[in-house]
Every structure is written in C-alpha cells, then in structure tokens.
Amino acid sequence: MEHETTELSREYRGALADAKLTPLWEHLSNALPHGLPAGLTSANLWRYQDVRPLLLQAGEQVPVEKAERRVLVLSDPGRGQAAMQATGGIYAGIQLILPGETAPTHRHSPSAARVVIEGKGGFTVVNGQRCDMEPGDVILTPSGQWHDHGHDGVGPFTWLDVLDLPVFTAVESSYAEPGRASCNQEDGQATMQSRFRSNGLAVAHSLQRTNPYPMLRFPWKTTRAALIELADNVAQGESVELSYVNPETGESCLPILGFTAIMLPAGQDLTPARRSPGAVFHVVEGSGESSVDGKTFAWSAGDTFTASTFAQLSHRADTAKGPAFLLRIDDAPLHKKLGFFQERKSA
Ligand code: 1HN
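Residue numbering for the sequence shown follows our numbering, starting at 154 and increasing by one per position.
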C-alpha cells in the first residue's frame, strides 16, 4: 500500500488548509504502519544506584510541601527531553519521602500504583485505608481515591510510581483535586474491612456496597512465597509468573495497567512471546541481564527498564546469585479492552 505523494495544486492545498481539511492518502501509512505498530519508546535502563543520589539531592533542595510529590520521572529517551512517560501508556517515576514528612492529600483521574524500593516506616493512606509499605509491596491508588503518604521511620523511603497518565492525557481526561487532611482521615473500619476483603470476606451487612477495588496492598512477602511454591510446580523451562488480580472478580487489579510478578530461576533463559503492550520492568530482588530489542541491560535490585510494543525480550538471572524477581507493569488490560491484545512467537 505504498502511495506516492500526489501532485496537488497549491491552490487546492490552500483551500483544504483554509477549510481545516487534510488528505488522508498522504498520512495513511503513518497512521497505520504496515505489519506492526511503530513504537516510539526507546527501551532504557534506569539503575537505582544512579537515580538514588540524585533523588537524595532533591530531598535536600526541594521541600515536599512545595513539590507536592518529590519525584524524578523516568523520561522515555525516545520521546525527547522531559517526556512525562516511560512508554506509550505508562508514566513511571521514583519518589522520595523523608522521615516526618507528609506528601499532602489529593486525588486524580489517572490510577496509580507504588512498588516499594527502599526504607522502613513509610505508609500511604488511600480513601482512609492505611497501607504500610514494605520493600516489594504493590499498593494501588485507583482513579479518584484520596491519597497521601507519610514516613514514621528513619532514613530515606523510596518507591516506584506507575500511572496510566499518558492514556488520560491522550483522551483529555487528566486532572487532580487538592484535598484537606480531613478528606482522608485514617478510618479503622475501612482498614479492617479491606484486610477482610483481601481474604475473600466482607462484613455481611456491607455486601450491597460495591467496591471495585477490594484489595489495595499486595504484600511482597506473600507474592514471593507464592512464586517459590509455583516454581516447584511448573515444568522445567515454563515461566513462573503471577498476575495481580482483584480477588473478587479475578480481573486485573487496575483497569488499564497490569501487574505481573516473575521469578527467574538462576541460569535459565526466559524468552517470552512478543506482546502488543509496552512494559516497565522493575527488579525487586536479585541480579541478571535482559535483552530488549537487541539492547542488553545488566540489572540488579531497584533498577527499572522499559520495553516498547512487540519488543523481542529475553531475561536471565545471574547463576551465582540465585533466583531473581521482576515485576512487569504493562497496559495489557487496556489492550484487551480495546479488543486487540496480541502475542506473537519470538523469533
Ligand atoms: C501522584 O499523585 C503521585 O500521589 C506520584 O504519590 C506521582 C505523577 C503524576 C501525577 C500524579 C502520588 C504522580 C502523581
């Protein structure tokens, strides 16, 4: 379907421009590239050891009250300077909170999730439900829910933020509302009931109340133990992966972003299918190497790397250091809702 640019008279072009019209035939192959989507995302590795000192400097120079959130954005090099996204559909950043600080209450249209990297004593309150944060935990902040963060411990506390912000920006729906602390008072009842719901239990008289997000905190301790048990029960060479789901519906835990924990047994190569969604990979534990569309990333705990749409991937944990654990954050739930999600065999 290669079309030569047609010779249009200057007069006709002028008339089209005046009428706010444009000829499709000159743009069709850009809008619909042949065979595979044309990803803009340039796969990149952000090493935590490089980001951490820069984030700590922000801690010295930028008061949290002024910043609202003290975050360094993982800015996709494929989208020019200061891109507010890591992939086509995913915003990612690393946030720092220092002892005694509070990141103020607000809510916004995009959904967020945190993956805790480092520290002790951090917590987040989501619609009155207090979630303590431990390294590797995944904590959801669904669309429209009030949230703030605090730190009762000592030393820096950091986490990876991921949001479906680019999707909200694309559909002109991204906005936030500041809140007062009173919007998000810790609610012991809500905290208790959310703990019950994580175990498939609801206080009987509250059953009619629909809660689309019955589980906000996914503790790493639980995920890690499940992966190790699963690894003992899959055939050699089969992937060891667990999806984070809404325990009431079995669907993805957020509407647009998907979360998958992956265990890489030491020394085994994992070459997953090429998948339509772009992805952010975060290293929870261990060290190893991944190849993403021909780029090689040597990673260790706390690092984050990206992959574009239909990326050719392979992952390997360092043999000497035991298994490694990765989290994949992608926009597969959105691709499925679009009726499009695809997997293709790796070359
Ligand atoms: C946000 O609300 C948080 O609540 C973190 O911690 C990062 C990035 C873009 C827009 C909103 C937070 C964010 C954000």
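In this text, a Cβ means the ideal position worked out from N, Cα and C, and glycines have one as well.
What you are looking at is a predicted structure, and each value in this text was computed from that prediction instead of being measured.
Rounded to whole angstroms, how far is the Cβ of residue i from the Cβ of residue j, which I believe are closer than 8 Å?
i	j	result
Q248	R223	6 Å
T258	D301	4 Å
D229	A236	5 Å
G242	P295	Incorrect: roughly 17 Å between the Cβ atoms, too far for contact.
Below 7 Å, is the gap between the Cβ of residue i and the nearest heavy atom of the ligand 1HN?
i	result
A256	yes
T294	yes
H435	no
L369	no
Q465	no
H358	no
L236	One detail in the question is off: residue 236 reads as Ala in this sequence, not Leu. No, Cβ of A236 sits at least 7 Å from all heavy atoms of the ligand 1HN.
G212	no
Y244	yes
L407	no
A432	no
D385	no
R222	yes
H300	yes
P488	Here the sequence assigns His to residue 488, which means Pro is not the residue at that position. Not under cutoff, so the answer is no.
Q421	no
H261	yes
A265	yes
D314	yes
L177	no
Q342	no
L249	no
L198	no
L208	no
L410	no
L318	yes
Less than 7 Å between C-beta atoms, sequence neighbours within five positions excluded: which residues of the same chain meet that for residue i?
i	result
A379	L395
L316	Y244, P263, S264, A265
A334	T258
G441	L417, W452, H468, R469, A470, D471, A477
C284	F276, T277, I292, L369, R370
G475	A419, G439
Here's the rule: buried if 16 or more other CB atoms are within 10 angstroms of the residue's CB, otherwise exposed. What is residue i?
i	result
Y133	For the chain, the structure presents residues 154 to 500; residue 133 sits outside this window and is missing.
L487	buried
M154	Here M154 scores only 44 on pLDDT, less than 50, and its place in the model is too uncertain to base an answer on.
F493	exposed
V204	buried
A256	buried
A464	buried
H304	buried
P215	For the record, residue 215 in the displayed sequence is Val; it is not Pro. Label assigned to V215: exposed.
N337	buried
G308	exposed
R427	buried
D290	buried
N386	exposed
For residue i, which residues in the same chain have their Cβ closer than 6 Å to its Cβ, ignoring the five residues on either side in sequence?
i	result
K273	G306
L450	Here residue 450 is Phe; the residue named in the question, Leu, does not match the sequence. These residues qualify, in order along the chain: L198, S443, F458.
A355	none
G455	Y201, I270
E401	P367
Can you list, in chain order, the residues of its chain whose CB lies under 8 Å from that of residue i, leaving out five sequence neighbours each side?
i	result
P288	V269, I270, E271, G272, W373, V437
S405	S396, Y397, V398, N399, G411, F412, A485, P486
- [ ] Entirely within the segment 179–204 and at least 3 residues each: give me those beta strand (DSSP E) ranges in chain order.
- [x] none
Task: Complete runs of the alpha helix (DSSP H) confined to the segment 433–499 [at least 4 residues] - done: 485–490
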